[in-house]
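As structure tokens, the structure follows; a few thoughts come after it.
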Amino acid sequence: MSAMSYQNAGSMPGWNDCPVIPSAGAKKKRSVSQLSSASNSRTSLYSTPPTPGSAYGSQTRLTDLTPPPVMASRVSSRQSSVSNDCDSESPYTATVDELLKMWDYVTVKENALPEKELKYHLEKVKTTIVRLGDASQRQFLFSILRRSLDGEVTSESMKEEVLSFMMSNGGVSWCVSLRKVLENVVDS
């Protein structure tokens, strides 16, 4: 097969040739009787359940089975280790009002971020606190805010803890803003 060059309108034999594939018409087609007998045997095998005591054993209908219990959330080994760290330090899960009060203390502290960026991150975390429904996320936020306000955590260890929490939990994009604000708080 030869390709046409679009620049000089000439044929370029052998360039980028693909192997020749036999046409689909070369295959032998099965007759209709073969198709219908195969589909009938398949249909009869699956559509009619075998009788009890047959070679297949006893049958249980899907409607007779109870559905599996609904899991609240998936817990990975990493997530449980982060949760255990939070549990050992502060088993208390704060309310939204308490978290908002703690966040207000953070907002009044001097911060090294540019004003526009700081305003964006403060607002993002505040709106997240209001709609935060997951108790483990509230517990983590309470723990990190309490220790940050008390000066118990260094900027580097706080960064590692937030990143670890982000890697083991889903839906925590707000943690980026939390980390940026807490990292840039100026100690007075």
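If you count the sequence shown from 1, position 134 lands on 134 in full-length UniProt numbering, and the numbers rise without skipping.
Each residue gets a CB set at the ideal place from its N, CA and C atoms; glycine is no exception.
This one's a predicted model, so the numbers in the text were calculated from it and none came from an experiment.
What's the call for residue i, buried or exposed, on a 16-neighbour Cβ count within 10 Å?
| i | result |
| --- | --- |
| S157 | exposed |
| S173 | exposed |
| L100 | exposed |
| T128 | buried |
| S148 | buried |
Identify whether residue i lies in helix, strand or coil by the three-state DSSP scheme.
| i | result |
| --- | --- |
| V185 | strand |
| N84 | The pLDDT assigned to N84 is 49, lower than 50, so where the model puts this residue is not dependable; a value taken from the coordinates is nonetheless given after this. Here N84 sits in helix by DSSP. |
Name the residue from the options whose alpha carbon lies nearest to the alpha carbon of residue i.
| i | options | result |
| --- | --- | --- |
| V186 | E123, T107, V125 | T107 |
| Y105 | R138, L182, L113 | L182 |
| E98 | S143, V20, A112, V162 | S143 |
| E117 | G171, P22, R179, S23 | R179 |
| residue 201 | K109, H121, C175, S148 | Here the chain has residues from 1 to 188 only, and residue 201 is not among them. |
| N95 | F140, G171, T154, M167 | Inspection of the sequence shows that residue 95 is occupied by Thr rather than by Asn. For the residues F140, G171, T154, M167, the minimum Cα distance to T95 belongs to F140. |
| S168 | D150, N184, Q137 | Q137 |
| D150 | K109, V70, V20, H121 | K109 |
Please tell me whether residue i and residue j are closer than 7 Å, where the distance is taken between their beta carbons.
| i | j | result |
| --- | --- | --- |
| S177 | V125 | yes |
| M102 | L132 | no |
Would you verify that the beta carbon of residue i is, or is not, closer than 7 Å to some beta carbon of chain B?
| i | result |
| --- | --- |
| E123 | The chain inventory of the structure shown lacks chain B, comprising one protein chain alone. |
Would you mind giving the Cβ-Cβ distance between residue i and residue j, rounded to the nearest angstrom? I have them listed as a contact below 8 Å.
| i | j | result |
| --- | --- | --- |
| A135 | T66 | Not really, about 28 Å apart at Cβ, beyond 8 Å. |
| N184 | L113 | 5 Å |
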